[in-house]
Amino acid sequence: MFSCFFPGFAAWVDAVIFVFSLDNESSFNAIYTYYNRIAHHRNTAEIPFILVGTQDGICERAPRVIDDARARKLAQDLKRCTYYETCATYGLNVERVFQDGRCNGNV
Numbered sequence: 001m002f003s004c005f006f007p008g009f010a011a012w013v014d015a016v017i018f019v020f021s022l023d024n025e026s027s028f029n030a031i032y033t034y035y036n037r038i039a040h041h042r043n044t045a046e047i048p049f050i051l052v053g054t055q056d057g058i059c060e061r062a063p064r065v066i067d068d069a070r071a072r073k074l075a076q077d078l079k080r081c082t083y084y085e086t087c088a089t090y091g092l093n094v095e096r097v098f099q100d101g102r103c104n105g106n107v
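In terms of the working numbering, the sequence shown is residues 1 to 107.
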C-alpha cells in the first residue's frame, strides 16, 4: 500500500505521527510495516516519531486488544518515539500530541 510514495515521502518528512486503534491488532501491526518502509529510504535517527494509540473505537463489540505495555514497547522499538494514548471523542491528550511535538521541535 502506498509503496510508490515512500521514497519521496521519506526524503522530505520532518517528523512522523503513527496512529493505531487500541481495538485493532492489524492497525497496530501496520506501524511496524510503515516504519520499516521509511527506514528503507531514510536514516530513522534523523526523524522524530510520535506513536498515538486511539481509544475511540473501543466498545463492547470491539474491546481493547493492545495493552499499554505493548504500545510502549513499540514506541521503544521505534527509537526517538513518544507514545500517547488519545480519545478524540473526549479530547484526551489530542492537543498534547501536537503541543509536545511542537515544543520539542518534533512536529
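Ideal Cβ placement from N, Cα and C applies to all residues, glycine included. None of these values were measured; they are calculated from a predicted model.
How should residue i be labelled, buried or exposed, when 16 other C-beta atoms within 10 angstroms of its C-beta is the threshold for buried?
i	result
S26	exposed
C81	buried
G91	exposed
T33	exposed
G53	buried
Pull up the distance between the alpha-carbon of residue i and that of residue j, whole angstroms please.
i	j	result
Q99	V16	15 Å
N106	F49	Interpretation of N106 is limited by its pLDDT of 46, a score under 50 that renders its predicted location unreliable; the figure taken from the coordinates is listed afterwards. If you take the alpha carbons of N106 and F49, they lie about 8 Å apart.
A88	T44	28 Å
G8	Y35	15 Å
D68	H40	28 Å
V94	Y84	9 Å
S21	F28	7 Å
Excluding the 5 residues preceding and the 5 following residue i in the sequence, name in chain order all residues of the same chain whose CB lies nearer than 7 Å to its CB.
i	result
D23	G57, I58, A62, P63, R64 and V65
Helix, strand or coil, according to DSSP, for residue i in the structure here?
i	result
Y34	helix
L78	helix
G57	coil
T44	helix
Using C-beta distances below 8 Å, list every residue in its chain close to residue i, excluding the 5 sequence neighbours before and after it, in chain order.
i	result
V13	I38, R42 and I47
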